[in-house]
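Let me begin by presenting the structure, written as structure tokens, before commenting on it.
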Amino acid sequence: MLFVRASPWWNEEGTLIDLTREVLYQNHPQKAESIIRSGVGYIAFGNLYIMLDTIARAAGEAGPENFDSETLYRTLQSYSMTIDGIELASFNATKRFATNYYGIYRADGAQEDVFRIDPEWYPQVMEP
Numbered sequence: 278m279l280f281v282r283a284s285p286w287w288n289e290e291g292t293l294i295d296l297t298r299e300v301l302y303q304n305h306p307q308k309a310e311s312i313i314r315s316g317v318g319y320i321a322f323g324n325l326y327i328m329l330d331t332i333a334r335a336a337g338e339a340g341p342e343n344f345d346s347e348t349l350y351r352t353l354q355s356y357s358m359t360i361d362g363i364e365l366a367s368f369n370a371t372k373r374f375a376t377n378y379y380g381i382y383r384a385d386g387a388q389e390d391v392f393r394i395d396p397e398w399y400p401q402v403m404e405p
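So this is what it looks like as structure tokens:
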């Protein structure tokens, strides 16, 4: 079975997945392996990281006391986040979702894990 994913899997290395593992093991050391085996739930940390980064940038530009939804909206008009050499996420005046690239993975029942089948990240195609 093939999967298209916007974030690395647990058995990969990279800035965001390494940080995800670090936070997981710091906060749930006894449950970490079980959480990893259960799938993608904690990997959503990458989306949280993007959300918090957009808020931090907006508050940094306007000052925390002036942060509001309009400030966040203005920040998102030119938001971009590059991690490990890939522009992982961006927004602009017409692009209202973050994801820019996807990886291709396969589930291996014998090994009971998910593996990347191609090291490349494939860009989101917006128009035919």
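First residue of the sequence shown? That's 278 in this note's numbering, and the numbers climb one at a time after it. We put the beta carbon where it would ideally sit given N, CA and C, even for glycine.
Do residue i and the ligand SAH come close, with the Cβ less than 7 Å from some heavy atom?
| i | result |
| --- | --- |
| PRO396 | Inclusion of the ligand SAH in the displayed structure is not the case, the ligand content being empty and no account of it being possible. |
Distance check for residue j and residue i, CA to CA, integer angstroms please.
| i | j | result |
| --- | --- | --- |
| PHE280 | GLU404 | 22 Å |
| ALA384 | TYR399 | 19 Å |
| ARG345 | THR376 | The sequence shown places Asp at residue 345, rather than the Arg named in the question. Distance between the alpha carbons of ASP345 and THR376 is about 24 Å. |
| ARG282 | GLY337 | 31 Å |
| ILE381 | SER284 | 10 Å |
| ASN304 | THR297 | 11 Å |
| LYS372 | THR352 | 13 Å |
| ALA387 | SER367 | 37 Å |
| GLU290 | GLU299 | 12 Å |
Is it buried or exposed for residue i, if we count other Cβ within 10 angstroms and need 16 for buried?
| i | result |
| --- | --- |
| PHE392 | exposed |
| ILE394 | exposed |
| ALA333 | exposed |
Check whether the Cβ atoms of residue i and residue j lie closer than 8 Å to each other.
| i | j | result |
| --- | --- | --- |
| ASN343 | GLN354 | no |
| TYR378 | LEU365 | yes |
| ILE360 | LEU301 | no |
| ALA339 | THR331 | no |
| ASN288 | ASP390 | yes |
| ILE327 | MET358 | yes |
What are the boundary residues of the beta strand (DSSP E) that residue i is part of?
| i | result |
| --- | --- |
| MET358 | 357-360 |
With H, G and I counted as helix, E and B as strand and the rest as coil, what does DSSP make of residue i?
| i | result |
| --- | --- |
| ASP330 | helix |
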